[in-house]
Amino acid sequence: MAVTKTTASRKQATLDAETLRAMYRNMLRSRLLDERMWVLNRQGRAPFWISGIGHEAVQVAFAMNLRSGEDWAAPYYRDLALTLVLGMTPKDQLLSVLQRADDPNSGGRQMPAHYGCRRYNIITTGSPVGTQLLHACGIALAARMRGEDTVTFTSIGEGGTSGGDFHEALNFAATHKLAVLFVVENNGFAISVPWEKQMPTRDVADRAKAYGIPGVKVDGGDAIACYKAAREAVERARHGDGPTLIEAKVVRLTSHSSDDDQRRYRTAEVIEAEKAQDGLLRFRAQLEELGVLTAGDADEMRAELLLELDKAQEEAEAAPLPEPESALLHVLAEDLR
Amino acid sequence: MAVTKTTASRKQATLDAETLRAMYRNMLRSRLLDERMWVLNRQGRAPFWISGIGHEAVQVAFAMNLRSGEDWAAPYYRDLALTLVLGMTPKDQLLSVLQRADDPNSGGRQMPAHYGCRRYNIITTGSPVGTQLLHACGIALAARMRGEDTVTFTSIGEGGTSGGDFHEALNFAATHKLAVLFVVENNGFAISVPWEKQMPTRDVADRAKAYGIPGVKVDGGDAIACYKAAREAVERARHGDGPTLIEAKVVRLTSHSSDDDQRRYRTAEVIEAEKAQDGLLRFRAQLEELGVLTAGDADEMRAELLLELDKAQEEAEAAPLPEPESALLHVLAEDLR
Amino acid sequence: MATKTYLEAIRDGIHEEMQRDERVFIMGEDVGAKGGVFGVTDGLQKEFGELRVMDSPLAESCIVGVAIGAAMNGMRPIAEIQFQDFIMPAVDQIVSEAAKIRYRSNNDWSCPMVIRAPFGGGVHGALYHSQSIEAMFCHVPGLRVVVPSTPHDAKGMIVAALRDPDPVLYFEHKRAYRAIKGEVPDGDYTVPLGSAAVVREGDDIAVFSYGMMVHTALEAAEKLAADGFSCEVVDLRSLRPLDREAIVRSASKCGKVLIVQEANLAVSVASEVAAIVAEDCFDSLDAPVMRLGGPEIPAMPYSPPLEHYYLVTPDKVERKLRDLAAY
Amino acid sequence: MATKTYLEAIRDGIHEEMQRDERVFIMGEDVGAKGGVFGVTDGLQKEFGELRVMDSPLAESCIVGVAIGAAMNGMRPIAEIQFQDFIMPAVDQIVSEAAKIRYRSNNDWSCPMVIRAPFGGGVHGALYHSQSIEAMFCHVPGLRVVVPSTPHDAKGMIVAALRDPDPVLYFEHKRAYRAIKGEVPDGDYTVPLGSAAVVREGDDIAVFSYGMMVHTALEAAEKLAADGFSCEVVDLRSLRPLDREAIVRSASKCGKVLIVQEANLAVSVASEVAAIVAEDCFDSLDAPVMRLGGPEIPAMPYSPPLEHYYLVTPDKVERKLRDLAAY
Ligand SMILES: Cc1ncc(C[n+]2csc(CCOP(=O)(O)OP(=O)(O)O)c2C)c(N)n1
Ligand SMILES: Cc1ncc(C[n+]2csc(CCOP(=O)(O)OP(=O)(O)O)c2C)c(N)n1
Ligand SMILES: [Mg+2]
Ligand SMILES: [Mg+2]
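Chains as they are written, first to last, in this note's numbering: chain A, 1 to 337; chain B, 1 to 337; chain C, 1 to 327; chain D, 1 to 327.
Here is the structure:
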């Protein structure tokens, strides 16, 4: 029940080089796509973007421990990296950011970063913060009723933990020992509101104590620690031992969204200092040190991913916008108007 | 931060005989009135009653530690005893149960046990479970803004702690260290739903850990322990040390309400066994043992209170019902129709 | 065919559908051993077990949110809200989530579920156990809102709701539970959602209503019939979508229109019916559209004189009908 | 008098009232250092401090519930909801609590507070940053709902709302924030809540509208004027209560009625206005009542062709007006 702190060292041994490289590649792939989204936004071609930069490690860690298409995900808007590992493509997300008809998330109906794709059991997500946690419980309950051993991932920012649905979801999942992974990506800010004004304790993992479930705090910039925490929590859930609350301490390396300017509420020094905590840089240094990745490998990987990205962007840009009257479709199954 | 257990013995010494007798009298007064309500209900003169029988000790303990008319209360429907100690009268509550125009709680508009009386800073309460906890926070925030040292009592059943407002209120009060006393009267049932189906841990006091505030568990059938727990929590709040979550383990010695029949979901044996935990009986025995109360005193007290009650009932029964068209009044201040 | 109460008809429908379809389950406060506060789910937990008839925590957002998740994962949940008055904490899950799941995912996901709740007054329920706040949901695209008024429809519509691919709010009038009895066919049948029913034919005045008020309207219509005025009484049944054609048909035929509901009138179902008539029946109207509903007060008070003052009674309906007849 | 934007006018009203009345404070997400996501509260925290301009947790029920408690204890809170779309978690506190506090306590208690939220689309806000769901609250007795359309009214109505003894929902059209400029008197004045305003006089068609759509209606009315049709444009301003007299006056005078709103039509403000006209203007109507609003879809989509398809534009209004003129 205690809040446990997992450190990188303890679990390095258990991850093979292939997994480590795959993890790095997944993080890099998301980062490059994310950066491209910002470029499109600044070019005026994408009215909005909300970023996962700085949050990638924990998302990749969990996604790599899920069975894509079998396990379930009820993510939130920063989970770009998670969706890519589960099977969605850079093109899918570019279609969304460019508001195209073929956007698999919503057909261009929702803002980008409102993820959803039935093919990969990623449920549709809207904007209201927190609702998805209860959906995750319902998904897990349905699995329980059918006797399946699937697990359900769900995530939220620390700001979202102040809302009622967070409590109702943890209470319900813990009462019924449901196979739900509650991941809080704690970047210390809800838009401009610092954690001290949102909650009384620094660690969201403490909240687990109210429900008698494990509360795990992990350095979200430590990819290996994240992987191990994810693996443990997924195993626990899959074996019927109930939910876990995992808090990943992450950094939001951008403004809240393309509509926000964090310089209004954070000093330049603090913003600059956080860059040193970038999990991608730290992981690369770590892998080079471990001899799992050379500088050459990394550059090659990057070049290959950029190629994929350029092609995806080209295709997405060529894709059509939705037909205006299609706005009337899919209100109800029978398309009542 | 830990859950502390207060025992009767430790604090007996600190309560003088007068206080102890007053406490007993307050409990008995509420009990007799409550029993009368059931009689009126069974006689068909009161369509509804919802009882505080078995919950009195903790309510009386808190009310006696508040400054009536200065401190604030946002109670729930079992808090009959609390309202009497704060200044409301048996007649007030009989007017309500008999749906009379002069009912100070609501003018006969609400069901009985929906307490409220501005004169004693008892805010108006409705039926939706849990909303009052946030009102208590707002009251305490207003007091903070004006630099007052008042405290705010609020209460709820353990069932109500599953709802979102419970979490949002504790989170807010703890974040701002507000002078709020959160009292959970845990009788183990939400109507027919036993605690195991409501929540993952047996002790509601555990929930305090999520907010880094003291969580106090007290035997709600031990009047002296309740008094001491109340005094400590009130002092803490008054001195600016923030909120406390107090869980009183109580027994619901009746069905949920006059519309419920608990024999549908509880065995006769369990119902019978709980009667032994009645705080009123236990307190009387304790006081007699301590030599604070003789059997004669107690009987005299009872007779005197019954006299008050009979007179109150007579007056309440003589009071008029509301005028039909008065239903249109007080929607807005200007009585817009 | 057997004669059953409105309550029994609902229970029968749920019971049969649970037997037929393993995906159907119920979640709500006190639905298990107690069988619900009115007894609608009485006996179901014994038959189907604690997982399929699940007592929930006292948390309405949880009840609906969990049901939504289960619906997305292949189940057909019934989320029971103990009183319509207490649906408010679940409004976010209903309006922001359930209603928008198909649309926002461009048809990739759907949310087939039923939210049941008793509504209405006249049972000494006071301010928070008497409300009729269906109008708030009737504005919301992506939801279906239905209210049966007879045992026949109660069963046919709960079954239809459970087979519908989208979220359905199914509101039950609590005074009807035991007061209204009627013939209920045995076995499997459905009543289509989205359609109104003419429950009494007539030529002079079209009366539109739903829930308990249909019976009140029928009672009043009977009185007018004695004086030679014939009222057509239409049970709206589906409040979202409204059956526009049926409304226009009866209104045009009669030329005079009264809308009767228990809820207060402002921005309500009655407003929408009146608006439809004002839009589509201009040429056939012989009198102003009239509406009768509860007063504009926050809810139905407890004390008998106040509660009675609130209620829309057959007398009040009759008076309105006579005004219209005389116009 | 100075020319100001709608946004500046709101801020001025709040600012002046906070200077005048120590009981006024603001609570909401990002209202402090950031000054709100649109900048309405910009600079206020610097002047009034962190207690009177308080960044809240991300919890709308908390924001409103705390404000209610503070109002009962003598304060005059402004609860800011970041987008009207996110008011849903607070519906229980608004509808079950704030709206019923005076009534249920038989006037012993009251709840003087203002809930502010931006609404409306046309700003690439997609499904959850574009909605117009005011209708849900316009049904609820015990609440006031207002929507200013000009900087003059924006200031006068926020001040009036802050001095009103009951809960007021004050909705701000987010497209108006910077797009709408106008003369704003210096210093203290109020615009009475509950009253509509004739913003353009005319004889042929009465157009009822509110928020941004008033400007759209005025634009369309201008076009018809060129062809000799004169439209009377009425800014409803107060959606609960509606100014029934003003509606009946203009509708009766013109004999033809168009109601224009951005929200979808079913069970909405437009329904109620149509119903009032159908009830009270039967003898003066020369044409069916017409309504124009958003389509019956869950909300306004993101992609430009879809968003544009949703929007009620001057062209669409003009077309409806010409239909009515030709009737
Ligand atoms: C119910 C609700 N209220 C407000 C918002 C507006 N909003 C969007 S994101 C956000 C801050 C979220 O902060 P946090 O949960 O910490 O996640 P982060 O963005 O930091 O990852 C807010 C207030 C919303 N989307 N939903
Ligand atoms: C929001 C809401 N949902 C449901 C109800 C119906 N209801 C009234 S009391 C109650 C059970 C409360 O149990 P608990 O909180 O444990 O308090 P107790 O009655 O045991 O003292 C329920 C479900 C309600 N009043 N409000
Ligand atoms: Mg955050
Ligand atoms: Mg209880």
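Where a beta carbon is used, it is the ideal one built from N, C-alpha and C, also for glycine.
Since we're looking at a predicted model, the values are computed, not measured.
Can you list, in chain order, the residues of its chain with a C-beta nearer than 6 Å to that of residue i? Leave out the 5 residues immediately preceding and following it.
i	result
D:G13	K155, I158, V159
D:G125	none
A:R337	Per-residue confidence for A:R337 stands at a pLDDT of 41, beneath the threshold of 50, marking its modelled position as unreliable; no derived number is given.
D:S238	V146, L193, G194
C:A9	P151, A154, K155, V184
B:P255	Correcting the residue type first, residue 255 of chain B is Ser in the shown sequence and not Pro. Around B:S255: D261, Q262.
Return the bridge partner residues of residue i from the DSSP annotation.
i	result
D:M27	D:M54, D:A79
D:R291	D:I259
A:E148	DSSP lists no partner for A:E148.
A:G157	A:E185
A:V193	A:A190
Check whether the Cβ atoms of residue i and residue j lie closer than 9 Å to each other.
i	j	result
A:S257	A:A46	no
A:A74	A:F153	yes
D:V66	D:M18	no
A:V204	A:V218	no
C:W109	A:I53	no
A:L280	A:E56	yes
D:M300	D:G293	no
B:Q59	B:P322	no
D:F119	D:K174	yes
D:F38	D:L7	yes
Quick check: does the Cβ of residue i come within less than 8 Å of any heavy atom belonging to ligand 1?
i	result
A:Y77	yes
C:I68	no
B:F172	no
A:F182	no
Taking 8 Å as the cut-off, does the CB of residue i come closer than this to any heavy atom belonging to ligand 2?
i	result
C:D30	yes
C:L58	yes
A:H176	no
C:E80	no
B:E158	yes
B:F48	no
Return yes when at least one heavy atom of ligand 3 lies under 8 Å from the C-beta of residue i, else no.
i	result
A:E185	yes
A:R207	no
Is any heavy atom of ligand 4 found at a distance shorter than 8 Å from the C-beta of residue i?
i	result
B:A190	yes
D:E134	no
D:E296	no
D:E219	no
Within its chain, find whatever has a CB closer than 8 Å to the CB of residue i; leave out the 5 residues flanking it on each side and keep chain order.
i	result
C:V277	I247, V248, A251, V257, L285, V289
D:K316	L292
Less than 7 Å between C-beta atoms, sequence neighbours within five positions excluded: which residues of the same chain meet that for residue i?
i	result
B:V97	M37, L40, A46, W49, P112
B:Y115	P75, D79, T83, N105, I122, T125
C:H129	F83, D85
D:C231	R200, G202, D204, I205, V207, A221, L224, L321
B:A318	none
*asked:* Please give the ranges of any alpha helix (DSSP H) in the segment 207-243 of chain B, keeping only runs that are unbroken, at least 4 residues long and fully inside the region.
replied: List check, alpha helix (DSSP H) in window: 223-238.
_Sequence ranges, alpha helix (DSSP H) only - wholly within the segment 163-238 of chain D, length at least 4_ = For the segment 163-238 of chain D, the full-length alpha helix (DSSP H) segments reaching 4 residues or more read 176-179, 212-226 along the chain.
*Kindly provide the ranges of any beta strand (DSSP E) runs that are 3 or more residues long and lie completely inside the segment 78-143 of chain C, ordered along the chain.*
Note on the segment 78-143 of chain C: whole beta strand (DSSP E) runs with a minimum of 3 residues are 114-119, in chain order.
*Taking only runs of the alpha helix (DSSP H) that begin and end inside the segment 275-322 of chain C, which ones reach a length of at least 4 residues, in chain order?*
304-310
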